[in-house]
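See below for the structure under consideration.
Residue numbers (this note's numbering): 101 to 785.
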């Protein structure tokens, strides 16, 4: 069955859609295997810009969705990356680009986890295999990458604010262009989304918001807002849209086909038009509609985009749609690694297995934190743990299972997470906020005003600190030393490995006051965690090694913070063993604490006659740990003013670091061993 849609960009395009939605939807395919060979996608291969879809029929659009889904499966197998969310918005992406005239019309994505299909349809199909690789496509929309990427986004809950800004600016300039914001139900829990909706009503802006409700963020969506969406979904009713754009309450025709589960145990009364949150605050609400039904999306969105004022269209989708394993495990398939190379013979298989068995096991830092959390909670019933929707990523699954009454997932609400902890701390318990470095930036005012200013007993476990590889600049945790160390009443620790991380977590937990332990993404060095947990002295550094002759003309104090201790050690060994190197003695110091600094150690090194001081950190140089050392030496150390040793800071330069592997990013910044040696030689010379 084929049906042409006349003038798809025009106001009347939906009127010609009369195909049976059930018939057409049944054409959609479900796959079970990620293909290793580039699939045959003739219709997709003809789409180089969105306008190339203009002449396609409804049936062809459904075929295009199948081909696009299969291509994304293949591409993800080649490159890895975000997976389930992208599969879930394929039909929506096709319909948006079919109905809207991008890039004149503005399509604004939230977070960007679901923008791969958008990239494919906007001229980046053959580049998609390079996504997340150095010099390849970014994992998220980026304005510098394409004119179709209207707003760069890596953090959630921004699309409505950005889209509202676009709408108001267009209105001011007298331009009539559609602005469509796509936001997930998980991202809608972020307070910024509600602030933007409130203002959109105040401004009476022409704004189309599409709520993609898949009952998920990275994990399952939670909270009162999720329950509200569940009520709308479970009711069996929908607010349909008439041809004139008016809301019409009716029974949802697809209720039986999509009665997959009860999203919440409690049953609710059937909602009336006035009963939903969006209608109550002033949006015109339509939905919920099946977000995988292309004819239905064409009908609804072609009319909704013409309705004046702020409009919200609620669609429900399945995360991982069309790939059976991802539909069954949407959390596990949120993102995937690229497929390993196939093993072609028995000899290779045995070699791979032997290599696997001989590989030294190393814990992820998030696992170290998770283990500490469970161990400490077993002995201290005052411990409570908070996360802003990062239960899996922060290593808290076991804690949540064993201590459910002490675990608080507040959804994507970083500001609330910090102040929630502050409130808890006033009542004599010990809250731990587990949060990524890049997301702590969003709760900065609360950290200063609600925790530190009141000197409350709150601990921050800061994950994903430093460069994070393929997720790129949006997720890099390279600013936390700078924005934390300027705050009074805070203690900041930077462990060198898994063992030290465990004990610094314990040390900061036992400290009465505001503390932060900063650790990186991924696995550590394989260090064995010693038991029982130790309590280190706050602000005390450790000399890791002294290499080279005491008679050497140059004496270098190499002050390393966090995971750069291992790099500093390797660089020092090279400097003192290389016959072509300058003669020098190197003190490798594990500084361990960014605040307070071990100033006694610094004075001791100066007393020993160091001629050069170098700091090294996986953090921006400006305002970082090295700056803290400089400030002490220049402002407080009389010995430094007498001796004036040369000082150099090694860290991340004053620019955003593009995505690539962590090793490539370290090399780009001069933070690999080779780069550090080069900078140290320059300092010594």
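Each residue gets a CB set at the ideal place from its N, CA and C atoms; glycine is no exception.
Distance, residue j Cα to residue i Cα
| i | j | result |
| --- | --- | --- |
| residue 701 | residue 488 | 38 Å |
| residue 720 | residue 475 | 34 Å |
| residue 198 | residue 154 | 6 Å |
| residue 397 | residue 421 | 16 Å |
| residue 440 | residue 500 | 32 Å |
| residue 212 | residue 240 | 5 Å |
| residue 351 | residue 375 | 16 Å |
| residue 769 | residue 729 | 20 Å |
| residue 510 | residue 158 | 41 Å |
| residue 305 | residue 410 | 6 Å |
| residue 766 | residue 749 | 15 Å |
| residue 132 | residue 180 | 17 Å |
| residue 60 | residue 214 | Any question about residue 60 goes unanswered here, given that the chain covers just 101 to 785. |
| residue 669 | residue 703 | 21 Å |
| residue 470 | residue 529 | 19 Å |
| residue 391 | residue 385 | 16 Å |
| residue 242 | residue 387 | 30 Å |
| residue 164 | residue 308 | 25 Å |
| residue 332 | residue 353 | 14 Å |
| residue 427 | residue 335 | 23 Å |
| residue 224 | residue 230 | 10 Å |
| residue 772 | residue 762 | 10 Å |
| residue 600 | residue 262 | 42 Å |
| residue 574 | residue 280 | 23 Å |
| residue 480 | residue 712 | 45 Å |
| residue 217 | residue 189 | 8 Å |
| residue 143 | residue 377 | 41 Å |
C-beta atoms of residue i and residue j nearer than 8 Å
| i | j | result |
| --- | --- | --- |
| residue 383 | residue 301 | yes |
| residue 753 | residue 710 | no |
| residue 537 | residue 494 | no |
| residue 606 | residue 503 | no |
| residue 284 | residue 210 | yes |
| residue 624 | residue 598 | yes |
| residue 739 | residue 659 | no |
| residue 200 | residue 258 | no |
| residue 776 | residue 663 | no |
| residue 260 | residue 413 | no |
| residue 416 | residue 425 | no |
| residue 248 | residue 202 | yes |
| residue 395 | residue 626 | no |
| residue 590 | residue 552 | yes |
| residue 341 | residue 400 | yes |
| residue 564 | residue 621 | yes |
| residue 161 | residue 194 | yes |
| residue 314 | residue 282 | no |
| residue 486 | residue 520 | yes |
| residue 732 | residue 706 | no |
Residue-chain proximity (residue i, chain B), Cβ-Cβ < 8 Å
| i | result |
| --- | --- |
| residue 327 | In summary, chain B is missing from the structure at hand, where a single protein chain is found. |
Those residues which DSSP pairs with residue i across a bridge
| i | result |
| --- | --- |
| residue 748 | 714 |
| residue 695 | 592 |
| residue 349 | 339 |
| residue 654 | 684 |
| residue 410 | 307 |
| residue 283 | 311 |
| residue 465 | According to DSSP, residue 465 bridges with nothing at all. |
| residue 690 | 642, 660 |
| residue 85 | No information on residue 85 is available, as it lies outside the stretch 101 to 785 that the chain covers here. |
Assumed close pair residue i, residue j - CB separation to whole angstroms, cut-off 8 Å
| i | j | result |
| --- | --- | --- |
| residue 149 | residue 222 | 7 Å |
| residue 619 | residue 595 | 6 Å |
| residue 550 | residue 522 | 4 Å |
| residue 532 | residue 483 | 7 Å |
| residue 514 | residue 548 | Not quite, the Cβ-Cβ distance comes to about 14 Å (not below 8 Å), so this is no contact. |
| residue 617 | residue 593 | 5 Å |
| residue 571 | residue 328 | Their Cβ separation, rounded to whole angstroms, is 31 Å, which puts residue 571 and residue 328 out of contact at 8 Å. |
| residue 567 | residue 718 | 6 Å |
| residue 196 | residue 169 | The Cβ separation is near 16 Å, so there is no contact. |
At least three beta-carbon pairs within less than 8 Å, the stretch 771-782 to the stretch 574-590: no
Can at least three beta-carbon pairs, one atom from the stretch 553-560 and one from the stretch 605-613, be found at a separation below 8 Å? yes
Would you call the stretch 234-254 and the stretch 285-296 touching, i.e. three or more CB-CB distances under 8 Å? no
Inter-stretch contact at 8 Å, needing at least 3 Cβ pairs: the stretch 683-695 / the stretch 641-649: With the rule of 3 Cβ pairs closer than 8 Å, the stretch 683-695 counts as touching the stretch 641-649.
Across the stretch 336-351 and the stretch 403-412, are there enough close Cβ pairs to call them in contact, namely three or more that are closer than 8 Å? Contact holds: three or more Cβ-Cβ distances are below 8 Å.
Would you call the stretch 171-180 and the stretch 261-281 in contact, with 3 or more CB pairs under 8 Å? no
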